[in-house]
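Engineer:
Residue numbers (our numbering): 57 to 708.
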């Protein structure tokens, strides 16, 4: 799908009229009042326009991302928040609000003498960092919400190990010189890092498709490779409903070509193309009399420069690699042809001509280990990595929250380590993390602006009195605010807006916001993340997370650092569980402690049309939050969010 053109500045300004709508505002402005809303036989005054495709309750980060994604998909969205500010649990507070939120008396003169002006603070209620190449950043890019905010890199990433703080190595040279890694482990770590860097897995597309789209793709594939199987497609889809990638892998292994081709076009003008091609065979799969698969393809064997050793147009495109398949010339299929056929087609075609190249099907036999059938514990053993090395790899790089990952398939952890490595320095930062200037509340505000541009409406300072359910279907049909109501096909939101039986308590998180006059011990710069793995803490099963933010991120004045520690509560003394994080901070000028219960939905929401987001966890990053957004998106649309799809084209 091609991304939509980003709205102009004038369109964006006009769209902001959709924000902060009050009930009855249309009437006061002289606009025609929408008709009354009928729900379950009762007539209500319209809430805003009264009729929407989706109603989103809360302006928290997850809710705003989903509102934005639904809006750019053409859905009419109403967003309601009981608070007077954006962000929900992701709100950023000034110094006065920080004191008041934690029920501490605020003497403005005394506080500002110690810590600077209140308005210079943007302190997150739930501090989290963005992985530079992670899912949330991809959501920001695919919707072009990045145009509404600026980011800075976090200065460093650290791990707590045996009572000390160590900088995590981010380059091979650092790994070999870091005191975190023992002399005998350095070579083992180097080999493991190279394995992670070069590990490849198939580009999993199947789950990003609806059932209808997946069916159409299978029918098209079988029509080409084995028409006798077309009649079996529906049965195959039902059989492999939750294991689509297994089916796709089996088909590609049998027929030798990708089910979901990843293609690129290169335009070639006069002169040599600059490639050496060769015929290669693909797996036969079925007999020719049954329709027959494509037996041969022509692939790129090498690149060839011109007389001046300049790269040809194909190599210069930087989109084609050795091994790629030449699939079409000017739209005519070359699959099943020989290299001589392809050469003749190129020679006889008028210039410029368009050559289409296709990535070959993924071959799992090229991988050294089958990581879907090997545990992470087994993989560590293959490389001879000791417990200390495993600990910082699993917790500080792969961001696992406990040691249960050791006995699960290794691939997710390897891909998480790969993500860490690809995020370091992506935007010039010395860690894998980014942070928005002026606090996290700019993230939900950005997605709310996106939703408004595409017709969404936001109502602040309105609490929802009732989720209205259709008694005959058990599905939500709307919401009531006082004597006003709005209808919608789906309702998304924070658990606190829904009846208590729709969610379950999953635990509690303790957080402590600390104002420091000096940076955290053994760190460099005014921002960092420190992960304290449970293995190195007293009486803890869950890791402790410590983030530090400084003036360079525009969240506090110079001379003050904001440090936030958090963990999942395991005892009756939650604040005491952060003791070792407090020790790392040194002298704490002021501290604000809080304990928050966390909730998750009891089901996926498809039966009730109530899609409840899970509470933000104790981690200091957005990995689990992005996965929760994906979960709800899949429940609504029946397919995964395709993070490679450009939904809104960037403004020029």
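Backbone N, C-alpha and C fix where the C-beta goes; we use that ideal spot for every residue, glycine too.
(1) Rounded to a whole number of angstroms, what is the C-alpha to C-alpha distance between residue 291 and residue 273?
(2) So, with DSSP's three-state summary, where would you put residue 178?
(3) Taking DSSP as the reference, what is the three-state secondary structure of residue 510?
(4) Whole angstroms are fine: how far does the CA of residue 701 sit from the CA of residue 182?
(5) Could you tell me the boundaries of the alpha helix (DSSP H) in which residue 168 lies?
(6) Can you give me the C-alpha to C-alpha distance between residue 694 and residue 546, rounded to a whole angstrom?
(7) Give every residue of the same chain whose Cβ lies closer than 8 Å to the Cβ of residue 119, excluding the five residues on either side of it in the sequence, and list them in chain order.
(8) For my contact list, residue 436 and residue 446 are in at a C-beta cut-off of 8 Å; report their separation, rounded to the angstrom.
(9) Under three-state DSSP, which class holds residue 390?
(10) Of the choices 241, 323, 215 and 416, whose alpha-carbon is the least far from that of residue 305?
(11) Three or more C-beta pairs closer than 8 Å, one from the segment 655 to 662 and one from the segment 672 to 681: is that the case here?
(12) Got a sec? Which residues, its chain only, sit under 6 Å from residue 260 by beta carbon, not counting five neighbours each side?
(13) Where do the N-terminal and C-terminal ends of the alpha helix (DSSP H) with residue 550 fall, by residue?
(14) Taking 8 Å as the cut-off, decide whether the C-beta atoms of residue 569 and residue 177 are in contact.
(15) I believe residue 385 touches residue 281 by the beta-carbon criterion, under 8 Å. Please report the beta-carbon distance rounded to the nearest angstrom.
(16) For residue 536, which residues does DSSP report across the bridge?
(17) What does a CB cutoff of less than 6 Å around residue 652 pick up in its chain, not counting 5 residues either side in sequence?
(18) Within 10 angstroms of its Cβ, does residue 544 collect 16 or more other Cβ (buried), or is it exposed?
(19) Short of 6 Å in beta carbon distance, which residues of its chain neighbour residue 205, apart from the five on each side in sequence? Order them along the chain.
(20) Closest to residue 258 by C-alpha separation, out of 686, 418, 327 and 219, would be which residue?
(21) Assuming residue 532 contacts residue 104 (C-beta within less than 8 Å), just tell me the rounded distance between them.
(22) Can you name the residues that DSSP bridges to residue 491?
(23) Closest to residue 311 by CA distance: which of 635, 283, 323 and 200 is it?
(24) Just mark residue 553 as buried or exposed, buried being the case when its beta carbon has 16 or more other beta carbons within 10 Å.
(25) Tell me which residues share the same chain as residue 408 and place their Cβ nearer than 7 Å to its Cβ, disregarding the 5 neighbours each side in the sequence.
(26) Which runs of the alpha helix (DSSP H) fall wholly inside the segment 412 to 486 and span at least 4 residues, in chain order?
(27) Excluding the five sequence neighbours on either side, which residues of its own chain have a C-beta within less than 8 Å of the C-beta of residue 317, listed in chain order?
(28) In chain order, what residues of the same chain lie with their CB nearer than 6 Å to the CB of residue 518, ignoring the 5 residues before and after it?
(29) Please classify residue 677: does DSSP put it in a helix, a strand, or coil?
Structural biologist: By the coordinates alone:
(1) 15 Å
(2) coil
(3) Three-state DSSP puts residue 510 in coil, outside helix and strand.
(4) Spanning the two alpha carbons is a distance of roughly 29 Å.
(5) Unbroken alpha helix (DSSP H) run through residue 168: 164 to 171.
(6) Straight-line Cα distance between these residues: approximately 14 Å.
(7) 112, 113, 135, 144, 500, 548, 549, 550 and 669
(8) 5 Å
(9) coil
(10) 416
(11) no
(12) These residues qualify, in order along the chain: 301.
(13) Here residue 550 belongs to no alpha helix (DSSP H); instead the beta strand (DSSP E) covers 546 to 550.
(14) Their beta carbons are not under 8 Å apart, which means residue 569 does not touch residue 177 by this criterion.
(15) That belief does not hold up - the Cβ atoms of residue 385 and residue 281 are roughly 21 Å apart, past 8 Å.
(16) 522 and 541
(17) 565
(18) buried
(19) 492, 498 and 502
(20) The residue among 686, 418, 327 and 219 with its C-alpha nearest the C-alpha of residue 258 is 418.
(21) Not confirmed; about 17 Å, so no contact.
(22) 208
(23) 283
(24) Around the CB of residue 553, 16 or more other CB atoms lie within 10 Å, so the residue is classed as buried.
(25) 323, 324 and 325
(26) 432 to 439, 443 to 447 and 467 to 479
(27) Excluding positions up to five away in sequence, the list reads 383, 414 and 415.
(28) Sequence-distant partners of residue 518 (beyond 5 residues in either direction) whose C-beta falls short of 6 Å from its own C-beta, in its chain, are 136 and 537.
(29) Here DSSP, grouped into helix, strand and coil, assigns residue 677 to strand.
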